[in-house]
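In our numbering, the protein residues as written are 2 to 241.
Glycine is no exception: its CB is placed at the ideal position from the N, C-alpha and C atoms.
Computed from a prediction, not measured in an experiment: that's the story for all the values here.
These notes are about the structure you will find just below.
Below is the structure:
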């Protein structure tokens, strides 16, 4: 049996909204299809605003040949997600709304898009010197663990941790949003494409060859403007 060709993203999204949320106050199509980064496994991310919803919810369905992710909010509940996303410095919902293509708008979506865009432009809250020292210590500790590890399995997961906290450090100390999963590299690219390439190459070399040199050099380079590795003299929770 011949597989039916799936609808174009915008067409599928519009029909989905008409079928399931015909009375919503607003709807946007977001995600990789909007950014021109879609792959054969990409889904449709739909953000719905409907004041009849008692609370926010998320739902996953398959229709019109697409895997569809619904992020549903009323006209107030989205603000708690904005706040939470900004606190963790990973602005998932603000980004979706800011970049999203408007499918339905009864007069509420433009102002919410503006709010999301302003949050993104503002950037995350600046780290305190205390936080920077704490993060330096954790990065230094993970780097020492990697340098000293002779167990391949352990070293792989130490490197995973080190990659995440190093990306977090470079971005937060430069006033940029961080990422998770595939958004780590995307966030690094938004900050500095040359550094992002260096970052990926360092960890790719380690994973392929076991050589730690490039990772060590990269981490030391990231820490250098803030005093380098930190161990001696670090203290947490000590009462005097």
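What distance in whole Å lies between the Cβ atoms of residue j and residue i, which are believed to be in contact at a cut-off of 8 Å?
| i | j | result |
| --- | --- | --- |
| residue 221 | residue 228 | Contact flag wrong, Cβ pair sits at about 11 Å. |
| residue 159 | residue 150 | 6 Å |
| residue 30 | residue 11 | 6 Å |
| residue 57 | residue 73 | 6 Å |
How about residue i: is its Cβ closer than 6 Å to a heavy atom in the ligand MN?
| i | result |
| --- | --- |
| residue 119 | Although the ligand MN was asked about, the structure shown includes no ligands whatsoever. |
Ordered along the chain, which non-local residues of its own chain (more than five positions away) have a Cβ less than 7 Å from that of residue i?
| i | result |
| --- | --- |
| residue 245 | Only positions 2 to 241 of the chain appear in the structure, and residue 245 is not among them; the question remains open. |
| residue 173 | 90, 125, 128 and 179 |
| residue 223 | 167, 170 and 171 |
| residue 156 | 147 and 150 |
| residue 96 | 121 |
| residue 82 | 57 and 94 |
Distance check for residue j and residue i, CA to CA, integer angstroms please.
| i | j | result |
| --- | --- | --- |
| residue 59 | residue 111 | 22 Å |
| residue 144 | residue 193 | 23 Å |
| residue 4 | residue 66 | Residue placement at residue 4 cannot be trusted, given a pLDDT of 44 that sits under 50; what the coordinates show is reported in the next sentence. Between residue 4 and residue 66, the C-alpha separation is close to 10 Å. |
| residue 204 | residue 140 | 15 Å |
| residue 195 | residue 20 | 45 Å |
| residue 136 | residue 226 | 14 Å |
| residue 216 | residue 35 | 34 Å |
| residue 102 | residue 28 | 8 Å |
| residue 212 | residue 17 | 50 Å |
| residue 113 | residue 76 | 9 Å |
| residue 130 | residue 142 | 18 Å |
| residue 54 | residue 87 | 23 Å |
| residue 199 | residue 163 | 15 Å |
| residue 133 | residue 116 | 29 Å |
| residue 186 | residue 107 | 36 Å |
Taking 6 Å as the limit between beta carbons, can you name the residues of its chain near residue i, skipping five residues before and five after?
| i | result |
| --- | --- |
| residue 90 | 125, 178 and 179 |
| residue 32 | 46 |
| residue 242 | A question about residue 242 goes unanswered here, because the residues of the chain that appear run from 2 up to 241. |
| residue 38 | none |
| residue 13 | 65 and 67 |
| residue 153 | none |
| residue 219 | 203 |
| residue 1 | Because residue 1 is not part of the residues shown, which for the chain are 2 to 241, the question remains open. |
Tell me the residue span of the beta strand (DSSP E) that contains residue i.
| i | result |
| --- | --- |
| residue 179 | Neither: residue 179 is in no beta strand (DSSP E) and is coded neither H nor E. |
| residue 220 | Unbroken run through residue 220 is the alpha helix (DSSP H), 214-224; no beta strand (DSSP E). |
| residue 61 | 58-64 |
| residue 74 | 67-74 |
| residue 50 | 45-50 |
| residue 27 | 27-31 |
Anyone know if the C-beta pair for residue i and residue j falls short of 7 Å?
| i | j | result |
| --- | --- | --- |
| residue 189 | residue 182 | no |
| residue 118 | residue 93 | no |
| residue 52 | residue 70 | no |
| residue 79 | residue 49 | no |
| residue 105 | residue 25 | yes |
| residue 138 | residue 231 | yes |
Can you tell me where the alpha helix (DSSP H) with residue i in it begins and where it stops?
| i | result |
| --- | --- |
| residue 100 | 93-100 |
| residue 21 | 10-21 |
| residue 231 | Here residue 231 belongs to no alpha helix (DSSP H), and DSSP marks it neither H nor E. |
| residue 168 | 153-173 |
| residue 77 | Residue 77 -> no alpha helix (DSSP H), and no H or E assigned at all. |
| residue 197 | 194-210 |
| residue 139 | 130-149 |
| residue 122 | 110-123 |
Sorted by chain position, which residues of the same chain lie with C-beta nearer than 8 Å to residue i's C-beta, five sequence neighbours on each side aside?
| i | result |
| --- | --- |
| residue 184 | 91 |
| residue 208 | 157 and 160 |
| residue 40 | 33 |
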